[in-house]
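A short worksheet on the structure shown next.
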Amino acid sequence: MDQQITRRGVMKAFLVAGATGAMGLVSTTAQAAPRVPAAKVYDAIILGAGTAGLVAAVEAYDQGIKPVVLEKMDLPAGNSIYALGSVNACGTRMQRQEGVTDSKDDLFSDMMKIAVGQADPALTRTYVEHIGEDVDWLQDTIGVKFHKLEKLPYPLLSRIHRVEGGSITGGGKLIRLLLAACTKRNIPILYNTKAVELMTDKNMAVTGVRALTEEGLVDFKSRGGVVIATGGFSANREMLCSYMGGATSRLALRGSPYVTGENISLTKPIFAKLVHLDQFHCGPIVSATHANPADALNCGYGIIVDLRGKRIIDEVNT
Ligand SMILES: Cc1cc2nc3c(=O)[nH]c(=O)nc-3n(C[C@H](O)[C@H](O)[C@H](O)COP(=O)(O)OP(=O)(O)OC[C@H]3O[C@@H](n4cnc5c(N)ncnc54)[C@H](O)[C@@H]3O)c2cc1C
Numbered sequence: 005m006d007q008q009i010t011r012r013g014v015m016k017a018f019l020v021a022g023a024t025g026a027m028g029l030v031s032t033t034a035q036a037a038p039r040v041p042a043a044k045v046y047d048a049i050i051l052g053a054g055t056a057g058l059v060a061a062v063e064a065y066d067q068g069i070k071p072v073v074l075e076k077m078d079l080p081a082g083n084s085i086y087a088l089g090s091v092n093a094c095g096t097r098m099q100r101q102e103g104v105t106d107s108k109d110d111l112f113s114d115m116m117k118i119a120v121g122q123a124d125p126a127l128t129r130t131y132v133e134h135i136g137e138d139v140d141w142l143q144d145t146i147g148v149k150f151h152k153l154e155k156l157p158y159p160l161l162s163r164i165h166r167v168e169g170g171s172i173t174g175g176g177k178l179i180r181l182l183l184a185a186c187t188k189r190n191i192p193i194l195y196n197t198k199a200v201e202l203m204t205d206k207n208m209a210v211t212g213v214r215a216l217t218e219e220g221l222v223d224f225k226s227r228g229g230v231v232i233a234t235g236g237f238s239a240n241r242e243m244l245c246s247y248m249g250g251a252t253s254r255l256a257l258r259g260s261p262y263v264t265g266e267n268i269s270l271t272k273p274i275f276a277k278l279v280h281l282d283q284f285h286c287g288p289i290v291s292a293t294h295a296n297p298a299d300a301l302n303c304g305y306g307i308i309v310d311l312r313g314k315r316i317i318d319e320v321n322t
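Using my numbering, the first residue of the sequence shown is number 5, and each one after it goes up by one.
Here is the structure:
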């Protein structure tokens, strides 16, 4: 396992990787006829104002990098604002304070078991190695408050750290706190700014982003790199159909209608390697209302039946 692939490590790696290409683009563009308004140059460009993008922005800033966040909608409109805000973690201060016996290796093997061996081992290992300190960071640096620890339905361990949302979802509250952290740091978040193309130099190193704004197309250049945090593709029926089969394209959509797979469509022209596209998370949902019966199921007071009323699954068996 590459110990460097931490959230902060990924940030650094992205930025360093892009650095060499940035100089090339500046000289190339200077000679070309401008198609769009004068380029705006930043240390780093982050696409998407969801949890991933805003965390990356705060981390970048705290490491001395001045980022800009480009968001296609007029507010953070991805899945983060719909999320309950439950973080499955071990090794947190909260677990230690409550005397919970848990280990990173146990969390790793439980995650691999739940994913029936299909999870990416390196990413899963990275997650379990760092999620404890990341939850502490959310408390200390972002000011997130968590409910008392809850037990997972499987295994019965106190790993659920659920963000206190008050009158809104935990995920919505998390986004509000991350936005406040960006405001405190004067990190610009440009709304109604949709990334439509990654710009590259002659070696195809990513050097910036072409975005559709209210003023038309604008080129944003990055001295460092571009972080793509535009969410998934659950709202893109065509992608669902091509990557996961026609049946999945008819599933009820739980969450944002704006997560339309730009992480994939932006990177395809530069031949990015795409992996695990056939793997996805789904769960029981009341399709008419989009209500999530997870709490009823997890506490052991609900069962899942098919249209004939026949119980079809052991609800708490992983
Ligand atoms: C109902 C529900 C409940 C959930 N509950 C939990 C939970 O309790 N715990 C958990 O861990 N996970 C949960 N999840 C999953 C979790 O919400 C997502 O995995 C997570 O929010 C994804 O965050 P993100 O920052 O990657 O993307 P998102 O939050 O989806 O943000 C992506 C952002 O990118 C923007 N964007 C898209 N394309 C472009 C573009 N071209 N240019 C600029 N901006 C762009 C979007 O508008 C959006 O604001 C839940 C999901 C749903 C739907």
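A virtual CB, placed ideally from N, CA and C, is assigned to each residue, including glycine.
Everything numeric in this text was worked out from a predicted model, so none of it was measured.
From the DSSP output, in three-state form, read off residue i for me.
i	result
K314	coil
K206	coil
V279	coil
Y262	coil
G52	coil
I268	helix
A300	helix
A295	strand
L3	The structure shown does not extend to residue 3, since the chain is modelled only from 5 through 322, so no value can be given for it.
G95	coil
G249	coil
M84	Here the sequence assigns Ser to residue 84, which means Met is not the residue at that position. S84: helix per DSSP, three-state reduction.
G236	coil
I172	coil
A256	coil
D66	helix
Between which residues of its own chain and residue i is the CB-CB distance below 6 Å, once the five residues before and five after are set aside?
i	result
V45	K225
A276	none
R241	S253
L244	T252 and S253
H151	R166 and E168
T217	T197
G265	F237, N240 and M243
V62	A185
Q7	Confidence is the limiting factor: at Q7 the pLDDT is only 36, short of 50, which leaves the residue's position unreliable, though a coordinate-based value still follows. Excluding residues within five positions, none has a Cβ falling inside 6 Å.
K177	V167 and G169
Q122	Q283
According to DSSP, which residues form a beta bridge with residue i?
i	result
E102	Beta-bridge pairing links E102 to no other residue.
R214	E201 and D223
R166	S90
P71	A48
G229	A48
I193	V73
V309	R315
V290	A295
Is any beta-carbon of chain D found at less than 8 Å from that of residue i?
i	result
A239	As a matter of chain content, chain D is missing from the structure shown, which is built from one protein chain.
Whose C-beta lies closer than 7 Å to the C-beta of residue i among residues of the same chain, with five residues either side of it excluded?
i	result
G82	G52, G54, G235, S260, Y262 and V263
L142	V148
D124	H280
T48	Residue identity differs from the one stated: residue 48 is Ala in this sequence, not Thr. Here the set comprises L19, A64, I69, P71, S226, G228, G229 and V231.
G313	none
I191	A61, Y65, P71 and V73
D310	I316
I193	A53, V73, E75 and C186
Got a sec: does ligand 2 put a non-hydrogen atom nearer than 7 Å to the Cβ of residue i?
i	result
T130	Of the ligands one can find in the structure shown, namely ligand 1, none is ligand 2.
Mind the definition here: the region 297-308 touches the region 264-278 only if three or more C-beta pairs lie below 8 Å; say whether that holds. With the rule of 3 Cβ pairs closer than 8 Å, the region 297-308 does not count as touching the region 264-278.
Identify every run of the alpha helix (DSSP H) within the region 105-161, keeping only runs that are complete inside it and at least 4 residues long; order them along the chain. Listed in chain order, they are 108-118 and 125-141.
Between the region 165-179 and the region 78-88, do at least 3 Cβ pairs fall closer than 8 Å? A contact exists between the region 165-179 and the region 78-88.
Sufficient close CB pairs (3 or more, under 8 Å) joining the region 195-209 to the region 66-79: The region 195-209 is in contact with the region 66-79.
Inter-stretch contact at 8 Å, needing at least 3 Cβ pairs: the region 57-64 / the region 179-188: Between the region 57-64 and the region 179-188, the count of C-beta pairs closer than 8 Å reaches three or more; the two stretches touch.
Counting pairs of beta carbons, one from the region 106-116 and one from the region 147-163, are three or more of them closer than 8 Å? Short answer: they touch.
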